[in-house]
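271 is the number that the UniProt record's numbering gives to position 271 of the sequence shown; each next residue is one higher, with no gaps.
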Amino acid sequence: MLTESQAKTIAGLPGVISVKPNTYHRTHTTRSWDFLGLDNHHQSSGSDLLKNAKYGEDIIVGVVDSGIWPESQSFDDSGYGPLPARWKGICQSGTAFNSTSCNKKIIGARWYAAGIPDNALKGEYMSPRDFDGHGTHVASTIAGSEVRNASFVGLGLGAGVARGGAPRARLAIYKVCWGSKPNGTCGDAAILAAIDEAINDGVDVLSLSIGGGDEIPGTLHAVAKGIAVVFSGGNRGPAAHTVGNAVPWVLTVAASTIDRAFPTMISLGNKKKLVGQSLYYNATVDSNDYYPLIDGESCDEDSFASSNVTGMVVLCSAPQEASDKLPPKGFNEAVKPVLKAGAKGLIFAQDNSNLLRPSNNFPYVLVDFEIAHRIRSYANTVETPVVRISPAVSVVGNGVLSPRVAAFSSRGPSPSFPGIIKPDIAAPGASILAAVRNSYMFMSGTSMACPHVSAIVALLKSVHTDWSPAMIKSAIVTTGMHR
Numbered sequence: 001m002l003t004e005s006q007a008k009t010i011a012g013l014p015g016v017i018s019v020k021p022n023t024y025h026r027t028h029t030t031r032s033w034d035f036l037g038l039d040n041h042h043q044s045s046g047s048d049l050l051k052n053a054k055y056g057e058d059i060i061v062g063v064v065d066s067g068i069w070p071e072s073q074s075f076d077d078s079g080y081g082p083l084p085a086r087w088k089g090i091c092q093s094g095t096a097f098n099s100t101s102c103n104k105k106i107i108g109a110r111w112y113a114a115g116i117p118d119n120a121l122k123g124e125y126m127s128p129r130d131f132d133g134h135g136t137h138v139a140s141t142i143a144g145s146e147v148r149n150a151s152f153v154g155l156g157l158g159a160g161v162a163r164g165g166a167p168r169a170r171l172a173i174y175k176v177c178w179g180s181k182p183n184g185t186c187g188d189a190a191i192l193a194a195i196d197e198a199i200n201d202g203v204d205v206l207s208l209s210i211g212g213g214d215e216i217p218g219t220l221h222a223v224a225k226g227i228a229v230v231f232s233g234g235n236r237g238p239a240a241h242t243v244g245n246a247v248p249w250v251l252t253v254a255a256s257t258i259d260r261a262f263p264t265m266i267s268l269g270n271k272k273k274l275v276g277q278s279l280y281y282n283a284t285v286d287s288n289d290y291y292p293l294i295d296g297e298s299c300d301e302d303s304f305a306s307s308n309v310t311g312m313v314v315l316c317s318a319p320q321e322a323s324d325k326l327p328p329k330g331f332n333e334a335v336k337p338v339l340k341a342g343a344k345g346l347i348f349a350q351d352n353s354n355l356l357r358p359s360n361n362f363p364y365v366l367v368d369f370e371i372a373h374r375i376r377s378y379a380n381t382v383e384t385p386v387v388r389i390s391p392a393v394s395v396v397g398n399g400v401l402s403p404r405v406a407a408f409s410s411r412g413p414s415p416s417f418p419g420i421i422k423p424d425i426a427a428p429g430a431s432i433l434a435a436v437r438n439s440y441m442f443m444s445g446t447s448m449a450c451p452h453v454s455a456i457v458a459l460l461k462s463v464h465t466d467w468s469p470a471m472i473k474s475a476i477v478t479t480g481m482h483r
């Protein structure tokens, strides 16, 4: 890293366009590819693209993220031929990672820790190995090899065949993000170095599920070299003017839902049954038990000041704000005081249930305000209200209303470039199942939507080798599904 005086000196040299301070950014699939029509089971334009592209054969996708867990089944290289002759990259060694960690699927890996704060590096692998899981999830969504009978942590939820959208593409890994969500750090200097080396290494596509400002350094240079660049659009929705990564030369991706839901049964003491959504999978809790139910109102600490909620299931509601406002409190904020107060479970009412969090020992369920009103009415009319929250199940098909833009997905227009329509396209980003370490996990966010588009770009690049990034972008945004 440069000192301030060194930066000033370099800024004055001929040929130097600009010198910028190092800033930091944060990281923003068994069903999703079938939902998009990119499968071998149905005749469609999507399946035709998959076959014509030879499943992305030998297209090199650079993943700029938190690294990779190479032992995952999703990165098996069985049946792959020699590395593409144009590839010039390396497999950089480090902690728990050496040259044998790469293979014919993961053909290169580098890591960049310069300028990253010490607190983000604490406990990290000083290597391309993925500490957080985010990068592994993204990479397997793009180009993961086919893995049968994959499910959420092996428990059967969301079970199916996991694979990437371009399963025969090669992966080049550039670790620039360090630490765990939600405070993972991705430095500008690291990102710029990664993009620069990715260009020289010979990647065809760059995928960055990274949040931040409107311009990540180095991306225009990549596009000028014929490399399509795909970015996540951010998770600050549903408010307007929140989209990030909105420069015109990149593909900016919003998150949408797919035709899969996770209904969760709520059984009241009066034998009424209601349904919400969750990723509660009950590894250690006896789901046959009823627990006392209490109204926790807004679920802040003041709500519990005069009530003992230990061992109870708490009912809370988010503020019913207008759809274009950022809600001051959501499920993630509500669950903290509930856990701190010793509650047994949580029923949380909000406008949507797109952003589900896995839970194995704390029963929870998200419901709409109408269902919350029915639960609250029951709780207020009996002396000892009780409730049971059953584990979630997975359902797919036409009965699930989709696709819809996920509530958390950032909206346009861009505050910096209001004349440019952003995001460019939406892709599956809600409860996406993909690889993390030696298992498979659900994650949600535009970080999960971005790799879906990166895979489509890889397929188009395979079929149309002479297409520029602008042509690929135009093809995607003018042929997307309208539902």
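The beta-carbon is built from N, C-alpha and C at its ideal position, and this holds for glycine as well. The structure presented is a predicted model; accordingly, all values stated were derived computationally and were not measured.
Opening and closing residue of the beta strand (DSSP E) in which residue i lies
i: ALA172; result: 170-175
i: ARG148; result: 147-150
i: MET126; result: From DSSP, MET126 is part of no beta strand (DSSP E); its letter is neither H nor E.
i: ASP76; result: Where ASP76 is concerned, there is no enclosing beta strand (DSSP E), given that its DSSP letter is neither H nor E.
i: LEU220; result: Where LEU220 is concerned, there is no enclosing beta strand (DSSP E), although the alpha helix (DSSP H) it sits in stretches over 219-224.
Outcome for residue i when other beta-carbon atoms lying within 10 angstroms are tallied against a minimum of 16
i: MET471; result: exposed
i: ASN308; result: exposed
i: ALA261; result: buried
i: THR257; result: buried
i: VAL477; result: exposed
i: SER101; result: buried
i: MET481; result: exposed
i: LYS344; result: buried
i: ASP201; result: buried
i: VAL382; result: exposed
i: LEU339; result: exposed
i: THR384; result: exposed
i: HIS134; result: buried
i: PRO82; result: exposed
i: SER207; result: buried
i: PRO117; result: exposed
i: ALA194; result: buried
i: GLY237; result: buried
i: ASN235; result: buried
Where residue i sits in the DSSP three-state scheme
i: residue 484; result: This structure cannot settle anything about residue 484, because the visible part of the chain is limited to 1 through 483.
i: ALA475; result: helix
i: LYS54; result: helix
i: SER323; result: Only weak support is given to the placement of SER323: the predicted model assigns it a pLDDT of 46, under 50, and the question is left unresolved by the model.
i: ASP295; result: strand
i: ARG26; result: Low local confidence applies: a pLDDT of 47 at ARG26 is under 50, so the model's placement there is unreliable, with the coordinate-based value given in what follows. Note: ARG26 maps to coil in three-state DSSP.
i: PRO403; result: coil
i: MET481; result: coil
i: residue 520; result: There is no way to answer for residue 520, as the model of the chain reaches only from 1 to 483.
i: PRO358; result: strand
i: HIS41; result: Below a pLDDT of 50, predicted positions are generally treated as unreliable, and HIS41, at 49, falls in that range; the measurement from the model is reported next regardless. It is coil, neither helix nor strand.
i: LEU83; result: coil
i: PRO428; result: strand
i: THR185; result: strand
Top-ranked residue by Cα proximity to residue i, from the options
i: ALA239; options: SER414, CYS177 and ALA318; result: SER414
i: TRP111; options: GLU197, GLY165, VAL205 and VAL387; result: GLU197
i: VAL161; options: TRP178, SER140, TYR174 and GLY179; result: SER140
i: TYR280; options: GLY269, PRO358 and LYS54; result: PRO358
i: GLY276; options: ASP300, VAL247, LEU339 and LEU355; result: LEU355
i: ILE432; options: LEU157, TYR378, SER267 and GLU71; result: LEU157
i: LEU268; options: ALA407, ARG388 and THR252; result: ARG388
i: LYS336; options: PHE304, LEU192, ASP351 and ARG168; result: PHE304
i: LEU155; options: GLY211, HIS464 and MET441; result: MET441
i: ALA96; options: PRO84, ILE68, ALA120 and LEU206; result: ILE68
i: SER66; options: PRO128, GLY330, ASP351 and SER317; result: PRO128
i: LYS273; options: VAL436, ALA228, ASP132 and VAL367; result: VAL367
i: ALA169; options: GLY244, PRO423, TRP87 and GLY133; result: TRP87
i: VAL365; options: LEU346, ILE195, ASN119 and LEU50; result: LEU346
i: VAL314; options: SER390, ILE375 and ASN438; result: ILE375
i: VAL229; options: ARG236, VAL203, HIS241 and GLY237; result: VAL203
i: SER180; options: ILE227, PHE152, GLY123 and GLU215; result: GLY123
N-terminal and C-terminal residue of the alpha helix (DSSP H) that residue i is part of
i: ILE371; result: 369-381
i: VAL463; result: 446-463
i: THR257; result: Segment: none, THR257 is in no alpha helix (DSSP H) and carries neither H nor E.
i: ALA162; result: It is not in any alpha helix (DSSP H) - ALA162 instead sits in the beta strand (DSSP E) that spans 160-162.
i: ILE195; result: 188-201
i: LEU339; result: 331-340
i: VAL313; result: Not the alpha helix (DSSP H): VAL313 falls in the beta strand (DSSP E), residues 313-317.
i: LEU121; result: 118-121
Distance between beta carbons of residue j and residue i, contact taken as under 8 Å
i: THR255; j: GLY412; result: The amino acid occupying residue 255 in the given sequence is Ala; Thr does not appear at that position. Not quite, the Cβ-Cβ distance comes to about 14 Å (not below 8 Å), so this is no contact.
i: LEU73; j: VAL147; result: The question names Leu, but residue 73 is Gln in the sequence shown. Between VAL147 and GLN73 the Cβ distance is about 5 Å, and since that is below 8 Å, they are a contact.
i: VAL386; j: ILE425; result: Incorrect: roughly 47 Å between the Cβ atoms, too far for contact.
i: MET265; j: SER447; result: At roughly 30 Å, the Cβ-Cβ gap does not stay under 8 Å, so MET265 and SER447 are not in contact.
Beta carbon proximity, residue i to chain C, threshold 8 Å
i: SER454; result: Protein chains in the displayed structure number just one, and chain C is not present.
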